[in-house]
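To start, the structure itself, in structure tokens.
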Amino acid sequence: MKKRNRLFILASLGPALLCFAVMFAYPLVRTILMSLYRLPSLSSRMTDWEYLGLQNYTELFKSSVFIASLKNIALIWLIGGALTLSIALLFAVILASGVKGKRFWRSAIYLPNTVSAVALSTMWLQYIFQNKFGLLKQLFTGLGLESLAKINWTSPKYLFWAMLLSYVFGSVGYFMLIFLSGIERIPHDLYECARLDGAGNWTQFWRITFPLIRDVFRTCLTLWTVTSVNFFVWARMFSSKASVVTITPVYYLYDKVFGTANAGTVLNVGAGAAVGVLVAVIVLVTYSVMNRLLKEEELEY
Amino acid sequence: MKKKLLAMMLAAMMLLSLAACSKGNDTPEQKADTPPAGTNQMPGETTPAPEPGGEKNVITYWAQWSENETQADVLKDAIARFEAENQDYTVEVNWAGRDVRDILRASIDSGIQIDIVEGDFSNITANLGEDYLMDLTEYIAGTELANTITEGMASFAKSFTSDGNSWYYIPEQPFVGTLFYNKAIFAEAGVDKLPTTWGEFLDCCQKIKDAGYDPITVDDAYQQSMYGHYLAMVKGVEWVGKLLTDKSGALWSDPAVLQMAKDFADLRAKGYFAETVGSNVFPAAQNGEFALGTAAMYYNGSWLPNEVAEITGDDFQWGAMFFPAPENSMYPYSTYTTGCQFFGVTKTCAHPEAAAALLREFLSVQTQQDLVDQAQCIPVVSGVTLPANLADVGKLMDESTDAFVWGGSSIEDGEIRAIINAAFSELVGGTISPEEFVSQIQSQLNG
Chain A
1 MKKRNRLFIL
11 ASLGPALLCF
21 AVMFAYPLVR
31 TILMSLYRLP
41 SLSSRMTDWE
51 YLGLQNYTEL
61 FKSSVFIASL
71 KNIALIWLIG
81 GALTLSIALL
91 FAVILASGVK
101 GKRFWRSAIY
111 LPNTVSAVAL
121 STMWLQYIFQ
131 NKFGLLKQLF
141 TGLGLESLAK
151 INWTSPKYLF
161 WAMLLSYVFG
171 SVGYFMLIFL
181 SGIERIPHDL
191 YECARLDGAG
201 NWTQFWRITF
211 PLIRDVFRTC
221 LTLWTVTSVN
231 FFVWARMFSS
241 KASVVTITPV
251 YYLYDKVFGT
261 ANAGTVLNVG
271 AGAAVGVLVA
281 VIVLVTYSVM
291 NRLLKEEELE
301 Y
Chain B
1001 MKKKLLAMML
1011 AAMMLLSLAA
1021 CSKGNDTPEQ
1031 KADTPPAGTN
1041 QMPGETTPAP
1051 EPGGEKNVIT
1061 YWAQWSENET
1071 QADVLKDAIA
1081 RFEAENQDYT
1091 VEVNWAGRDV
1101 RDILRASIDS
1111 GIQIDIVEGD
1121 FSNITANLGE
1131 DYLMDLTEYI
1141 AGTELANTIT
1151 EGMASFAKSF
1161 TSDGNSWYYI
1171 PEQPFVGTLF
1181 YNKAIFAEAG
1191 VDKLPTTWGE
1201 FLDCCQKIKD
1211 AGYDPITVDD
1221 AYQQSMYGHY
1231 LAMVKGVEWV
1241 GKLLTDKSGA
1251 LWSDPAVLQM
1261 AKDFADLRAK
1271 GYFAETVGSN
1281 VFPAAQNGEF
1291 ALGTAAMYYN
1301 GSWLPNEVAE
1311 ITGDDFQWGA
1321 MFFPAPENSM
1331 YPYSTYTTGC
1341 QFFGVTKTCA
1351 HPEAAAALLR
1361 EFLSVQTQQD
1371 LVDQAQCIPV
1381 VSGVTLPANL
1391 ADVGKLMDES
1401 TDAFVWGGSS
1411 IEDGEIRAII
1421 NAAFSELVGG
1431 TISPEEFVSQ
1441 IQSQLNG
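Keeping their order, the protein sequence lines are chains A and B.
When the letters of the first sequence are read in order and numbered with our numbering, they come out as residues 1 to 301.
When the letters of the second sequence are read in order and numbered with our numbering, they come out as residues 1001 to 1447.
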């Protein structure tokens, strides 16, 4: 009977295990292996691979462009994350407080998420940041703020921040919805009791809302980490050709594996795979650090 | 027990469905071949024709055009003509768009049957080359195409082959990289002679500036073509290739680099570059400055008139001129940069004669004239009339004495480009000096 049970379990788990092996385990193992070799193309046979050991990794950390991409991603994660999550949380709290036209505002704030990143970044680049007749130029000129109106938002000095600002705009709605669903789970009785005890909005937020959505916050932080580490489309849109100002690890990886220039770019698929492995390690490390800092607690309410 | 049995059956069904899915990627069976119209039957290659009403032989073509592009419309007509003449064949097209270049090699390696590939010359030659593509000499030599194809493009395509004389690559659409200009602005500014030297170019810019226009503009996407052109004029294509792959930074100490940086910084300092030039993310300068008529000159390829046709309308007076020769130029001013889109037929193609026949239809005078008229391309065969907005490009090609590869180099390192691109934007934006441009690149290259 025990043997039969094992067979049954194996047969039931079989398809899922097969899918996992084919779609996750195999690419993962192959990518790790590729990162230790020099190979002429992504689809080269293993017999054509040349073993390099950890050379691809050491070369990466000698590359100022790769280091620049890591710095860029750290800024996107830290500053972009702080802006996105705090604005999203603020909007969620306001919407949950019973503001008039809640459904309209919720849809309006979420709307940018329904537009493709390519279209959204084009709008920011070619209209809002446009240096001659763009929205910011006209707005600041109209307000008489000439020094702000003169800023070339897409010049190398400001391009990264312009990209980050527009990315935050495109991300707030998504996280707002997650926060909102978390806040709406909290029973209203708690707020009523707090109000009767004389707690103001600020106290209610810090003593009730924030502690009770801590698990939601942790989820949002994990999602933000994964999306920002894989930052690519916005970087590519904000620099037609790779530039140290906007490059990110995934853009760097793409350049190494496929090349983006007209001329025959020197490719290094092994280095691209090494970037992929490092990106995965960054996500895992960040995730485990966050898990330690924001310990999961079972909350019942 | 019944539940267990049901669960077992469900699991088995899932496994079977997975197995069934995996069959979808199998290479299609090769079908019987018949020589296409217009080809001489090769001895010993006779294969039975499909039965009347039976399945047709398939030619698979992965296009670098998207289906909604004008080029795709023209090629669809050419395919229809081919299929009408060769009723045993049908053409299956994957309108994959430009990014097809990234997946061609991996797709072929994974066993997907692709007969005809298409892409920029550098990608087709570097990513596929003779390892993947078939020598089509026996299907091209002696045909009408061999006589109509322009001599320059025939030798350009053959120059990428190991023996320098085979037809592994079929040139499709040549392009010319040079300075495009607005003739109306030039006339208004009183520029009656096109500049040939850098000094004359500065005088020309001054006249245009005095007339109230920005003399020249550029986008981030085309900066590298412009400074690459300049450097190749002074130091040659091979040297530029070394510069763009030199991670030590040593070659950046060459006086030619500083000379280039000084000349472009001078354009900025004298107000000849548009104010926004250091911050133009493509297509800001192309669409918002040159096509709208606020800037007089823009460095680009011969596809430009087609790309901005909806903005310029029919009244725009298109001009194209040679890039002015810098001081110490190795090349005469009558030099342009060039490149070409290439076709190739893969070694796994079961019907090379038919594939070559289809390519001949793509390169027929009729198809090429349609491409010129509808998509404003430069033809690869003679006997095609250019539209008015490309007339100057045609003239320039006739008058040219030299040409080298688009961007001034056929090789580069993406990392080095990423460093130069940011520094060049700062240089033409006026935020760093020519000396800082050189030292910034060298310090970043050295980590």
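Ideal Cβ placement from N, Cα and C applies to all residues, glycine included.
Note that the structure is predicted; figures quoted are calculated from it, not measured.
Span of the alpha helix (DSSP H), counted from its first residue to its last, around residue i
i, result
"E1200 of chain B", "1198-1210"
"C193 of chain A", "188-196"
"N1306 of chain B", "1304-1307"
"Y1299 of chain B", "Careful: Y1299 of chain B lies outside any alpha helix (DSSP H), inside the beta strand (DSSP E) at 1295-1301."
Residue i at chain B interface by Cβ criterion, 7 Å
i, result
"V275 of chain A", "no"
"V269 of chain A", "no"
"N131 of chain A", "yes"
"L373 of chain A", "Since the first and last residues shown for chain A are 1 and 301, residue 373 of chain A lies out of range."
"T265 of chain A", "yes"
"S86 of chain A", "no"
"D255 of chain A", "yes"
"S97 of chain A", "no"
"S121 of chain A", "no"
"K71 of chain A", "no"
"V29 of chain A", "no"
"F258 of chain A", "yes"
"V65 of chain A", "yes"
Residue-chain proximity (residue i, chain A), Cβ-Cβ < 7 Å
i, result
"Q1064 of chain B", "no"
"F1437 of chain B", "no"
"E1327 of chain B", "no"
"G1429 of chain B", "yes"
"D1102 of chain B", "yes"
"I1419 of chain B", "yes"
"R1105 of chain B", "yes"
"E1426 of chain B", "yes"
"T1348 of chain B", "no"
"A1221 of chain B", "yes"
"A1080 of chain B", "no"
"A1206 of chain B", "The sequence given here has Gln at residue 1206 of chain B, not Ala. So no, Q1206 of chain B is outside the interface."
"Q1444 of chain B", "yes"
"W1252 of chain B", "no"
"T1337 of chain B", "no"
"A1422 of chain B", "yes"
"T1276 of chain B", "yes"
Residue of the options minimising C-alpha distance to residue i
i, options, result
"I208 of chain A", "A:S63, A:M46, A:E300", "A:E300"
"Y1331 of chain B", "B:A1403, B:A1285, B:I1149", "B:A1403"
"W224 of chain A", "A:T248, A:S171, A:E192, A:G259", "A:S171"
"G1344 of chain B", "B:D1314, B:E1083, B:S1066, B:I1116", "B:I1116"
"W1406 of chain B", "B:E1172, B:F1082, B:D1120, B:E1289", "B:D1120"
"C1204 of chain B", "B:T1070, B:P1195, B:N1280", "B:P1195"
"Q126 of chain A", "A:K157, A:M163, A:G142", "A:M163"
"L1202 of chain B", "B:F1437, B:Y1272, B:G1190, B:C1340", "B:Y1272"
"I1108 of chain B", "B:T1431, B:K1347, B:P1379, B:V1438", "B:K1347"
"L1359 of chain B", "B:D1131, B:E1144, B:K1262", "B:E1144"
"Y1089 of chain B", "B:I1112, B:Y1061, B:K1262, B:V1100", "B:Y1061"
"T227 of chain A", "A:W105, A:T154, A:W77", "A:W77"
Continuous beta strand (DSSP E) stretch holding residue i: start and end
i, result
"D1398 of chain B", "Segment 1391-1399 is the alpha helix (DSSP H) holding D1398 of chain B; no beta strand (DSSP E) there."
"G1164 of chain B", "Note, G1164 of chain B: premise wrong, no beta strand (DSSP E); not H, not E."
"M123 of chain A", "Premise fails: M123 of chain A lies in the alpha helix (DSSP H), 117-123, not in any beta strand (DSSP E)."
"N230 of chain A", "Careful: N230 of chain A lies outside any beta strand (DSSP E) and carries neither H nor E."
"T203 of chain A", "It is not in any beta strand (DSSP E) - T203 of chain A instead sits in the alpha helix (DSSP H) that spans 201-204."
"W1062 of chain B", "1057-1063"
"W153 of chain A", "Premise fails: W153 of chain A is in no beta strand (DSSP E) and is neither H nor E."
Cβ-heavy atom distance, residue i to the ligand GDP, below 6 Å
i, result
"L139 of chain A", "This structure simply doesn't include the ligand GDP, nor any ligand for that matter."
Residues of the region 221-251 of chain A in Cβ contact with chain B at a cutoff of 7 Å, in chain order, please.
Residues passing the 7 Å Cβ filter: F238, S239, S240, K241, A242, S243, V244, V245, I247.
Interface positions of the region 146-159 of chain A facing chain B (Cβ-Cβ less than 9 Å), listed along the chain:
Result list: N152, W153, T154, S155, P156, K157, Y158, L159.
Between the region 35-50 of chain A and chain B, which residues of the former have a C-beta closer than 7 Å to a C-beta of the latter?
S41, L42, S43
Enumerated in chain order, which unbroken segments of the alpha helix (DSSP H) with a length of 4 residues or greater are wholly contained in the region 32-97 of chain A?
55-62, 64-75, 81-96
Using Cβ-Cβ distances below 9 Å, what residues of the region 1279-1305 of chain B are close to chain A?
Identification of residues in the region 1279-1305 of chain B having a C-beta nearer than 9 Å to some C-beta of chain A yields S1279, N1280, V1281, F1282, P1283, A1284, N1287, G1288, E1289, T1294, given in sequence order.
Pull out every residue of the region 1396-1419 of chain B whose Cβ sits closer than 7 Å to any Cβ of chain A, in chain order.
W1406, G1407, S1409, S1410, I1411, E1412, D1413, G1414, E1415, R1417, A1418, I1419
Anything in the region 1105-1137 of chain B with a Cβ closer than 7 Å to a Cβ of chain A? List those residues in chain order, please.
R1105, A1106, D1109, S1110, D1120, S1122, A1126
Please list, in chain order, the residues of the region 1148-1167 of chain B that have any C-beta partner in chain A closer than 8 Å.
none
Identify every run of the alpha helix (DSSP H) within the region 1346-1413 of chain B, keeping only runs that are complete inside it and at least 4 residues long; order them along the chain.
1352-1362, 1365-1375, 1391-1399
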